[in-house]
Structure formats: structure tokens, C-alpha cells
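A.B. asks:
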Ligand SMILES: Cc1cc2nc3c(=O)[nH]c(=O)nc-3n(C[C@H](O)[C@H](O)[C@H](O)COP(=O)(O)OP(=O)(O)OC[C@H]3O[C@@H](n4cnc5c(N)ncnc54)[C@H](O)[C@@H]3O)c2cc1C
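Residue numbers (this note's numbering): 201 to 702.
1. Using C-beta distances below 6 Å, list every residue in its chain close to residue 471, excluding the 5 sequence neighbours before and after it, in chain order.
2. CB residue 271 to CB residue 303, shorter than 8 Å?
3. Rounded to whole angstroms, what is the Cα-Cα separation between residue 503 and residue 211?
4. Does the beta carbon of residue 616 fall short of 7 Å from some heavy atom of ligand 1?
5. Let me know if residue 207 comes out buried or exposed under the rule of 16 or more other beta-carbons within 10 Å of its beta-carbon.
6. Residue ranges of each beta strand (DSSP E) run of no fewer than 3 residues wholly in the region 455-502, ordered along the chain?
7. Of the residues 527, 597, 601, 611, which one's Cα is nearest the Cα of residue 702?
8. Rounded to whole angstroms, what is the Cα-Cα separation between residue 581 and residue 544?
9. How is residue 685 classed by DSSP in three states: helix, strand or coil?
10. Helix, strand or coil: how does DSSP classify residue 320 here?
11. From which residue to which residue does the alpha helix (DSSP H) around residue 361 run?
12. In whole angstroms, what is the alpha-carbon distance linking residue 501 and residue 248?
13. Sorted by chain position, which residues of the same chain lie with C-beta nearer than 8 Å to residue 201's C-beta, five sequence neighbours on each side aside?
14. When you compare each of 538, 467, 339 to residue 451 by their alpha carbons, which one comes out closest?
15. State the Cα-Cα distance for the pair residue 336 and residue 342, rounded to the nearest angstrom.
16. Let me know the secondary structure DSSP gives residue 710 once reduced to three states.
17. Check whether the Cβ atoms of residue 480 and residue 384 lie closer than 8 Å to each other.
18. Run through DSSP, which three-state label would residue 430 get?
19. Is residue 231 closer than 8 Å to residue 205 when the C-beta atoms are compared?
20. Answer with buried or exposed for residue 430, where buried requires no fewer than 16 other C-beta atoms within 10 angstroms of its C-beta.
21. For ligand 1, I want to know if residue 332 counts as a neighbour, meaning its beta carbon is within less than 7 Å of at least one of the ligand's heavy atoms.
22. With 16 other CB atoms within 10 Å as the buried threshold, where does residue 359 fall?
23. Suppose only complete runs of 3+ residues qualify. What are the beta strand (DSSP E) ranges in the region 267-310, listed by chain order?
24. Using DSSP's beta-bridge definition, name the partner residues of residue 191.
25. Which one of 413, 274, 461, 376 has the shortest CA to CA distance from residue 434?
26. Please state whether the Cβ-Cβ distance between residue 605 and residue 682 is less than 8 Å.
27. For residue 420, which of 426, 398, 459 has the nearest alpha-carbon?
28. Buried or exposed for residue 674, going by 16 or more other Cβ atoms inside 10 Å?
29. Indicate the three-state DSSP secondary structure (helix, strand or coil) for residue 520 in the structure shown.
30. Using a threshold of 7 Å, is the CB atom of residue 445 nearer than that to any non-hydrogen atom of ligand 1?
31. Please report the residue range of the alpha helix (DSSP H) in which residue 218 lies.
32. Answer yes or no: do residue 687 and residue 671 have a C-beta to C-beta separation smaller than 8 Å?
33. Consult DSSP for residue 245 and reduce its assignment to one of helix, strand or coil.
34. Rounded to whole angstroms, what is the Cα-Cα separation between residue 478 and residue 370?
35. Output the distance between the C-alpha atoms of residue 578 and residue 552, rounded to the nearest integer angstrom.
36. Nearest-angstrom Cα distance between residue 685 and residue 408?
Dropping the structure here:
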């Protein structure tokens with residue numbers, strides 16, 4: 201019997217996708233083959249931070265509260281140079297119910313996601329891996345179903361029949377390689393060291409991180425959990441051999457040289473070195489197959505965004521796959537928008553992080569002096585609120601998606617492709633057991649007709665509009681689909697009709 205979606209990779213992105221699809225009523229299987237490489241060691245936290253937008257999106261399934269309870273809130277970040285305060289990024293100014301950076305080690309994120317998935321009745325099938333697929337290239341757009349060969353824990357094979365395949369199998373993705381989707385890009389590469397360890401000495405504010413801009417390079421200290429810290433320091437432009445894993449004494453030397461002085465590092469939980477670069481596939485979709493998370497897009501760990509971007513890929517794809525698989529929507533542009541939206545969002549995040557990284561790793565003394573004087577403006581980050589909003593990912597929208605309704609004259613509030621700010625205490629758009637758009641409008645006979653005609657796509661109850669002159673149609677992931685001025689309800693009805701048509 202055919203399932204709806206086979207997900208390859210039970211990491212954070214695969215599990216997020218599985219939970220969303222199951223919640224929306226699709227049948228899924230998640231197959232997971234543990235990497236043999238050292239990153240599968242649970243002591244190595246990898247991702248440490250969840251940002252505001254990810255938490256807002258997780259709130260749609262009720263999962264955000266568990267993450268907040270398990271995490272530690274960071275409210276601000278400080279940039280210092282030569283002992284002087286250069287800039288401050290204040291997350292309390294982020295306009296979100298989650299106006300903080302949340303520290304949660306990746307293993308805890310994975311534990312919470314797996315618990316949520318198990319509650320929905322789905323078990324990750326371990327020691328089970330992707331081997332091959334019945335179709336490739338253009339055939340993937342023509343076929344109505346796929347056959348996927350997977351390896352089983354007993355050494356045997358199984359052929360899984362599925363309507364869709366999603367590769368969430370990380371940076372080494374076998375799905376991506378099988379589909380011959382190369383990772384492109386790479387650009388400027390810088391070498392970094394990372395240490396997770398306890399620090400003693402002068403007091404550091406446990407709810408703020410600090411970045412020290414030093415003439416030899418940058419050092420950042422982030423509070424982690426249980427009194428631990430993550431230290432990240434740049435070693436300059438990557439050339440020739442890959443950077444080597446540092447010893448504790450090298451981390452101590454970096455702290456003494458670039459830090460505030462008086463800090464002692466000890467008992468490292470994880471020491472690592474990496475070469476940072478950003479790469480992504482040209483298209484996140486090939487017919488009935490998709491890639492998401494690190495399989496699609498490798499972010500430099502410096503921005504602390506990879507896992508967040510991947511979970512958002514999963515959430516973006518899930519409601520679209522659910523509407524198409526259930527037959528509610530037939531318009532091809534729904535699935536085509538996944539690559540446009542997530543590829544675009546990834547590009548924007550990469551440039552935000554690249555600007556920060558370039559400023560942080562400047563080696564030329566005159567440039568450092570100008571950077572320190574002009575801080576925010578030099579990085580293109582002024583006003584500061586935008587930095588926090590950019591990192592928290594609440595200002596990223598989908599300006600160029602084919603899903604945007606017509607751009608009308610200026611209207612008060614967010615336009616097509618922009619995030620509709622969620623309101624604390626209100627049921628988030630996209631909650632529930634089927635993906636539904638929300639109408640922000642005052643009641644009228646015309647609006648009530650639209651609600652009736654599109655009951656399969658719309659929340660049954662109207663939400664209060666931001667202005668009485670307008671109607672907002674908001675997608676199940678909380679981005680504005682269309683806005684109609686002067687209560688032109690036909691525009692909304694036409695939009696929904698078009699989504700349903702082939
Ligand atoms: C040092 C470091 C620090 C980081 N810090 C942050 C941070 O602070 N914030 C942040 O957002 N991100 C951070 N990241 C990035 C983050 O860890 C990744 O983006 C995230 O793990 C991606 O999740 P994923 O599910 O796409 O891939 P993975 O976590 O790699 O999961 C994919 C899974 O698929 C499995 N798999 C592989 N091949 C197969 C196969 N053939 N069949 C079945 N299963 C398979 C693998 O075992 C793997 O567990 C950091 C990364 C590093 C290295």
C-alpha cells in the first residue's frame with residue numbers, strides 16, 4: 201500500500217516535517233540511518249539556538265511551549281572592541297511573543313521533536329536508510345507515484361511505495377546525491393574554532409552573549425545550559441589545510457588575548473574547528489522529490505541558523521504537500537513556491553550572516569578602526585532593531601513568491617509575502633488538523649459567502665482586521681497571501697479559487 205510521504209533522515213528537520221504532515225492527516229514514514237561520523241555523538245550539541253520565528257511557527261502545533269520550558273532565554277548581545285561597548289542587539293525589541301534567543305542544545309531539540317512525533321503515533325525507523333529511487337530527472341514530474349528502496353536493520357531491503365519523497369538526510373544527503381543536485385556556492389571561507397565548556401572567573405551575564413572584536417580576530421561567548429558556555433573564535437580566511445581541532449590551552453590563549461581577561465576555561469565537553477561557507481542546491485524540488493534542511497542548504501554554523509532554516513523549510517513544505525495530497529488544491533504554483541520561498545529566505549539569511557562575519561573577521565587595521573567607529577552602519581545593520589529582527593528571522597518574508605496576491609495601493613499593515621505578526625494568547629494561524637488560511641476581516645454578507653464557499657480552505661471564524669477598510673488573507677504558515685483594499689472581497693475569492701484549479 202502506498203504512503204503519502206517518505207521522509208529520509210530523522211534529524212530535526214525530518215522530524216519537524218513528519219510531525220506537521222501527520223498533524224495535517226497525511227501518512228508518513230521516517231527512515232533514519234545514523235551517521236558514522238563524530239557529529240552523531242550526543243555530547244556535541246551542534247545547534248544551540250532557536251530563534252523567534254522558529255518558535256512562532258512551532259507554536260502552531262503547540263510544540264513551542266515545550267522548547268521554551270527546556271531552554272534558557274538570552275535577551276541581548278553585546279559587541280565590544282578595545283574594552284569599549286560598540287553595539288548592543290536587544291532581542292526584547294523584537295516584535296514577537298518570543299522576543300528572545302532560546303538556548304536549547306540540538307540533542308534536546310531532537311528529543312522534544314521525537315516525543316511529539318511519538319505522541320502523534322509515528323516512530324522513527326532507525327538503522328533504515330535510503331538506497332535508491334525508481335525515477336530520476338524529468339520522470340519525477342510525470343509519475344504519479346514513486347518506489348523507494350530502503351535498507352532494513354536485518355540487512356535486507358524493502359521497496360516503499362510513496363506519493364512523495366523528501367530528503368532530510370543532512371549535509372551528506374544520499375537523496376540529493378542520487379538526484380544529482382549539486383550544492384552550489386561557497387564564496388568566502390573563514391576558519392573558526394568552537395569550544396563548549398565551563399568558564400570561571402569574572403561574572404558574565406547569564407542571559408546575554410558577548411562578542412569581542414579584537415585586532416587578531418573575533419571571540420564570542422554564549423551562555424549555554426547548566427553553567428556552560430559556547431566559545432567561538434575566528435582564525436581568519438580559510439586557505440590550504442582544514443583547521444585542526446584546538447586543545448584547551450589554545451582556547452585559553454584566545455580567551456586571554458581577545459576576551460575581557462580573568463576567565464579560565466576547563467573540562468571541555470566539545471572542542472572543534474570548522475571552515476565556514478554557505479552552499480545550496482539550485483532547486484529544492486525535482487517533481488515528486490524534495491530536499492530540506494542541511495540536505496538542501498548548508499549554512500555556516502557562525503550565524504546559528506542552519507537548524508532554524510531547516511525546520512522552517514519543513515514547515516513551509518508541509519502545509520503545501522498536505523493541501524495538494526488531500527486534493528484540496530491542484531494549482532502547481534503551490535508546490536513550485538517551496539523552492540522560490542525557501543531558496544530566497546536562505547539567500548537573505550546568508551547575506552545577513554555574511555555581513556556580520558565579514559565585519560567580525562576584518563583583519564585590516566584601518567578597516568577595523570572604521571568598523572569600530574561606525575559599527576552598525578558599516579555592517580548595513582542600522583537601525584539595531586533590524587539586526588535583532590533579521591537574526592530572529594521575523595523580518596524575512598517571501599516578496600517574490602508566485603503565491604502572492606496582487607500588489608494593490610499602499611495599505612496599513614503587512615502586504616503579500618510578509619509575516620502577519622502573531623498575537624500572544626491567540627490561536628496561531630495554521631494550528632489544527634488541516635491547513636487553513638485565515639481571513640482578517642469584519643463580517644459582511646460578501647465575506648460570509650466566501651467563508652461558506654471555501655470552508656475547506658478557510659478557518660471558520662473571522663479574525664479582527666488591522667484596518668476596517670481592508671481584508672487580509674493569511675496562509676497557514678502565517679504569511680500574508682493577499683490583501684484587498686476597500687473591502688474588494690472578489691479578489692480574495694478569486695485567489696482561493698485559483699489555488700484549487702489545475
Ligand atoms: C558546530 C555547529 C554548530 C551549529 N550551531 C547551530 C545553531 O546554533 N543554530 C542552528 O540553527 N544551527 C546550527 N548548526 C546547524 C545544525 O546543526 C544543522 O543545520 C541541523 O542539524 C540540520 O538538521 P537536518 O535535520 O537537516 O540534518 P541532520 O541533523 O544532519 O540530520 C539528518 C539525519 O539524516 C540521517 N541520514 C543521513 N543519510 C541517511 C540515509 N541515507 N538514510 C536515512 N537517514 C540518513 C543522518 O544520520 C542524520 O542524523 C550548527 C552546526 C554545527 C556543525
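Note that CB positions come from ideal geometry on N, CA and C, so glycine has one too.
C.D. replies: This is what the structure holds:
1. 395, 445, 446
2. yes
3. 20 Å
4. no
5. buried
6. 463-465, 470-476, 489-491
7. 527
8. Note that residue 581 scores 48 on pLDDT, short of 50, meaning its location in the model is unreliable and no value can be drawn from it.
9. helix
10. coil
11. Looking at the DSSP string, residue 361 is not in any alpha helix (DSSP H); the run it does join, the beta strand (DSSP E), is 357-367.
12. 10 Å
13. 361
14. 467
15. 10 Å
16. Absent from the structure is residue 710, since the part of the chain shown begins at 201 and ends at 702.
17. yes
18. strand
19. no
20. buried
21. no
22. exposed
23. 272-274, 276-281, 284-290, 301-303
24. The chain is shown from 201 up to 702; residue 191 falls before or after that span and cannot be answered.
25. 413
26. yes
27. 459
28. buried
29. helix
30. no
31. 212-223
32. yes
33. coil
34. 14 Å
35. Unreliable positioning characterises residue 578 in this predicted model, as indicated by a pLDDT of 47, which lies under 50. A coordinate reading is not provided.
36. 43 Å
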